[in-house]
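Peer 1: One structure coming up, written as structure tokens, with questions to follow.
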Amino acid sequence: MKPATLERLLADRAAKKPVVLVTDLASGDEQIVNPDDTGALAAPLADAVRTVARNDRSETVEVDGRSLFLHVYNPPLRMIVVGAVHIAQPLARMAAMTGYDVIIVDPRAAFATEERFPGVTIHTEWPDDAMAVLQPDTRTAIVTLTHDPKIDDPALETALKSRAFYIGALGSKKTHNARLYRLHKNGFSENETARIHGPVGLDIGAKSPAEIAVAIMAQVTDRLRRPA
Amino acid sequence: MNSPEWENILERAQEWRAAGKGVAIATVVTTWGSSPRPVGSQLAITDDGAFIGSVSGGCIEGAVVGEGLKAIKDGKPRLLDFGVTNEQAWEVGLACGGKVKVFVEKVG
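Going down the list, the protein sequences come from chains F and R.
With positions in the first sequence counted from 1, the corresponding number in our numbering is that position plus 171.
With positions in the second sequence counted from 1, the corresponding number in our numbering is that position plus 221.
Here's what the structure looks like:
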């Protein structure tokens, strides 16, 4: 690998730009490709680059008798946590350890402080405004933790309109049923709201904030690695 | 929040280079069966034998580091093939029954 290639990979990663590194496994020749602009490449290679980037899965391909390794460097997964509550503290740390960029959203400035969430990106706008900026995509998980309808509901409504791979909402079965009732009244179908995991997390008898964070992290991982 | 330090293989490779060390990078490029680390997993190696990252559950790292040291010396890339261990023999392989190909190259 040329030093310039390494430098550019690191710069693109810092800028959260998706790239594919194409390496000839016989010669070591390499090329960094933007999967959204493969114009300069021959058709079979361009197609392969777009496919591996979309699937987020690196792969060795045979093109014109050459073995080429297509290494996908996608920006990190994201977890948007709505509610800077106690559970959000261990959850933010576990998600970061698991490789997620964590974003906390809470309009209550007393909760969403740098002191409680060191190094985490914090948005203190209302969730619908924050979500409009954050643009959740297929590599985003959204977890609501306030169980305050004023804050959780607008976040869930935006989440349901997005392609987020995971949506979870903290709250008992009773709270969740009331929440579903409100969402259905606002025009969402049962099919749509079935995407919300509620009560949130795998059922492992979790009690403490850290244990609940483990249950959530496990369920998020399951949805990521074994999508329905 | 920054990504966990055990995932920052390329960042560490860059720091090592900046500190004047010879560096090689090993990457899993193909897997078959139950290999422990997915395609794209990486290991960075210095010319004094330090490394960060993994290309298996620990079964083949020793051999890969050895090839990395050779690559730092001669500058040539290598494509290594690791198969299932024969339990009767003292050889490098994957006890889990998987197979992997690892590409090793010098940075520079």
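Note that beta-carbon positions come from the ideal geometry of N, C-alpha and C, so glycine has one too.
1. Exposed or buried, which one is R/S255 when buried takes at least 16 other CB atoms within 10 Å?
2. Any Cβ of chain F within less than 7 angstroms of the Cβ of R/E288?
3. Take F/P247 and list the residues in its own chain whose beta-carbon comes closer than 7 angstroms to its own, dropping the five residues that flank it on each side.
4. Using a threshold of 7 angstroms, state whether the C-beta atoms of F/D324 and F/T317 are closer than that.
5. Could you work out which residue in F/R350, F/K344 and F/H355 is closest to F/G372 when comparing CA atoms only?
6. Can you pull the chain F neighbours of R/F324, defined as C-beta to C-beta under 8 angstroms?
7. Inspect the beta-carbon positions of R/E288 and R/L300 and report whether they are closer than 7 angstroms.
8. Curious, which full-length alpha helix (DSSP H) runs of at least 4 residues does the stretch 262–325 of chain F contain?
9. With the cut-off set at 7 angstroms, would you say R/V249 and R/V328 are in Cβ contact?
10. If you draw a straight line from the C-alpha of F/R264 to the C-alpha of F/I387, how long is it?
11. With 8 angstroms as the C-beta to C-beta threshold (strictly closer), list the residues of the stretch 309–335 of chain F near chain R in chain order.
12. Can you tell me the Cα-Cα spacing of F/N357 and F/A301, whole angstroms?
13. Express the C-alpha separation of F/L239 and R/P298 in angstroms, rounding to a whole number.
14. Checking 7 angstroms against the spacing of the C-beta atoms, do R/I183 and R/A245 come in under that value?
15. Where do the N-terminal and C-terminal ends of the alpha helix (DSSP H) with F/I383 fall, by residue?
16. R/G274 to F/E286, Cα distance in whole Å?
Peer 2: This is what the structure gives:
1. Here residue 255 of chain R is taken as the residue at index 34 of the second sequence, counted from 1. That one is exposed.
2. One-based indexing of the second sequence puts residue 288 of chain R at position 67. No, R/E288 lies away from the interface with chain F (no Cβ there is under 7 angstroms from its Cβ).
3. For this step, residue 247 of chain F is matched to residue 76 along the first sequence. Around F/P247: G270, Y271 and D272.
4. Mapped onto the first sequence, residue 324 of chain F falls at position 153. Mapped onto the first sequence, residue 317 of chain F falls at position 146. Contact flag unset, no.
5. Counting from one through the first sequence, the residue named residue 372 of chain F turns up at place 201. Answer by Cα proximity: F/K344.
6. Against the second sequence, residue 324 of chain R aligns to sequence position 103. Here the neighbours are T194, L196 and F240.
7. Locating residue 288 of chain R in the second sequence gives position 67, counting from the first residue. Locating residue 300 of chain R in the second sequence gives position 79, counting from the first residue. Result no, Cβ atoms of R/E288 and R/L300 do not sit closer than 7 angstroms.
8. Listed in chain order, they are 298–305.
9. On the second sequence, position 28 is the one that residue 249 of chain R refers to. On the second sequence, position 107 is the one that residue 328 of chain R refers to. Not a contact, by the Cβ cut-off of 7 angstroms.
10. Taking the first sequence and counting its residues from 1, one reaches residue 264 of chain F at position 93. Taking the first sequence and counting its residues from 1, one reaches residue 387 of chain F at position 216. Rounded to the nearest angstrom, the two C-alpha atoms are 12 angstroms apart.
11. Shown here is that no member of the stretch 309–335 of chain F has a Cβ falling below 8 angstroms from a Cβ of chain R.
12. As a working mapping, residue 357 of chain F is identified with position 186 in the first sequence. As a working mapping, residue 301 of chain F is identified with position 130 in the first sequence. Rounded to whole angstroms, F/N357 to F/A301 spans 20 angstroms at the Cα level.
13. Here the question's residue 298 of chain R lines up with position 77 in the second sequence. Here the question's residue 239 of chain F lines up with position 68 in the first sequence. Distance between the alpha carbons of R/P298 and F/L239 is about 13 angstroms.
14. With chain R covering only 222 through 329, there is no way to say anything about residue 183 of chain R.
15. Position 212 of the first sequence holds residue 383 of chain F. P380 to R396 is the span of the alpha helix (DSSP H), which, as asked, contains F/I383.
16. Numbered from its first residue, the second sequence carries residue 274 of chain R at position 53. Numbered from its first residue, the first sequence carries residue 286 of chain F at position 115. Taking the straight line joining both Cα atoms gives about 31 angstroms.
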